[in-house]
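Just below is one structure, and these are the notes that go with it.
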Amino acid sequence: MRHREWRKLLKKRRRKAVRQKAAQEQERINAEEEARKLACPEYQLYLAEKEREHQTAAHREELEHALQNAIWLEKEHKAQVRFEELRKSEEAKERKEREKREKILKEFKERENKLKQAKAERLKQQEHLRRMLHERHVKLQEFAATGVDEYLNELQSMHNTRIDTEDCKFFLKTGACRHGYRCCGNHPTPGVSKVILIPNFFSHPALEQTVHAEYGQDIRLEFDEDDLTNCLNEFFRDIIVEFEVFGKIEHIFVCRNSGPHLRGNVYIEYDLLR
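In numbering that gives the first Met the number 0, the protein residues as written are 0 to 273.
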């Protein structure tokens, strides 16, 4: 090692030794100072006060922590209670909605079943009526062609609209009723009769009750009794030729009543049922 380097290292070690000695001296001084302070009653009181303050602060911090924890637990409990209430409310709402949907679905299915049953029953009745009408038509054709009265009693059977009610007096007299199917009385109609009824077959302005768009109610004043009679005579001549094709006619009646259910009704009575 060179002399210069050795001197440099020596100086470094000396400085280190000086620093160590100074540090040791400072530690000794500090220790003596600390011992002197500890021996001093006032310092002892100071340390005791600092310790009490430290313990008080620690206790206060502990209480604050406990308080915050209690507040958090209370909030958590309330939140859980609220959550449980909301959950039960949602479950009740969903259950109610589900029951409502199930009820609607059940009612819909029941209505669908009833409609299907009603449709099936209606089709069944229509088919039964179709067969019955077809059989009746065949029997009528046979009776009209041959005069064999094997089915006459069946063909003459009455058709009733309200079998459990009293017969409508107006319908029994004229074969027509102003209430129609709304009538609360029974309308008995024979299947086969010497008399046939053609509703509103004859028409004439003198019998009309409607208000004309151009002439109003004055249109009936345009026609007198002679005009109505002439029209009736012409009408008779026209229909007799047509209806005598089916048999000898005993009587023909034309109703000149202005009521909608009677106006222009034609009653034709044949001498034979065929």
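Beta carbons: idealized from backbone N, C-alpha and C, even for Gly.
Distance between residue j and residue i (C-alpha atoms, nearest Å)
| i | j | result |
| --- | --- | --- |
| Leu-151 | Phe-142 | 8 Å |
| Asp-163 | His-136 | 27 Å |
| Gln-140 | Phe-245 | 13 Å |
| Gln-67 | Lys-105 | 55 Å |
| Leu-85 | His-76 | 14 Å |
| Met-157 | Arg-100 | 51 Å |
| Lys-256 | Asn-232 | Before going further, note that residue 256 is Asn rather than Lys in the sequence given. Answer to the nearest angstrom: the Cα atoms are 17 Å apart. |
| Leu-275 | Asn-199 | Because residue 275 is not part of the residues shown, which for the chain are 0 to 273, the question remains open. |
| Ile-103 | Arg-110 | 10 Å |
| Lys-87 | Arg-97 | 15 Å |
| Lys-74 | Ala-30 | 53 Å |
| Ala-57 | Ala-91 | 50 Å |
| Lys-247 | His-178 | 33 Å |
| Tyr-45 | Arg-3 | 56 Å |
| Ala-38 | Val-17 | 31 Å |
| Glu-48 | Glu-61 | 19 Å |
| Tyr-42 | Arg-35 | 9 Å |
| Gln-19 | Glu-33 | 21 Å |
| Gln-23 | Gln-54 | 34 Å |
CB contact below 9 Å: residue i versus chain B
| i | result |
| --- | --- |
| Gln-125 | Within the model displayed, chain B is absent; a lone protein chain is all it includes. |
N-terminal and C-terminal residue of the beta strand (DSSP E) that residue i is part of
| i | result |
| --- | --- |
| Ile-238 | Element bounds for Ile-238: not the beta strand (DSSP E) but the alpha helix (DSSP H), 224-242. |
For residue i: DSSP bridge partner residues
| i | result |
| --- | --- |
| Ile-267 | Ile-195, Ile-251 |
| His-284 | Since the first and last residues shown for the chain are 0 and 273, residue 284 lies out of range. |
First through last residue of the alpha helix (DSSP H) which encompasses residue i
| i | result |
| --- | --- |
| Leu-171 | 168-173 |
| Leu-206 | First-last for Leu-206: undefined, no H or E at that position. |
Cutoff 6 Å; reference residue i; Cβ partners in own chain excluding five residues on either side
| i | result |
| --- | --- |
| Ala-212 | Residue placement at Ala-212 is flagged as unreliable, the pLDDT there being 49, under the threshold of 50; the coordinate-derived value follows with that caveat. Correct list: empty, nothing qualifies. |
| Gly-174 | Leu-196 |
| Thr-188 | His-158 |
| Ile-28 | none |
| Cys-254 | Leu-261, Asn-264 |
Residues near residue i by beta carbon distance below 8 Å, same chain, minus five either side
| i | result |
| --- | --- |
| Cys-176 | Cys-167, Phe-169, Phe-170, Cys-182, Gly-184, His-186, His-260 |
| Lys-113 | none |
| Asp-148 | Phe-142 |
| Lys-138 | Tyr-150, Glu-153, Leu-154 |
| Phe-234 | Phe-201, Val-253 |
Residues near residue i in its chain [Cβ-Cβ closer than 7 Å; skip 5 each side]
| i | result |
| --- | --- |
| Ser-202 | Gly-263 |
| Cys-230 | His-203 |
| Leu-227 | His-203, Ala-205 |
| Arg-13 | none |
CA nearest to the CA of residue i, picked from the options
| i | options | result |
| --- | --- | --- |
| Gly-146 | Leu-272, Ile-28, Lys-11, Val-240 | Leu-272 |
| Ile-238 | Ile-251, Thr-228, Arg-12, Val-17 | Ile-251 |
| Glu-243 | Ala-78, Lys-10, Tyr-269 | Tyr-269 |
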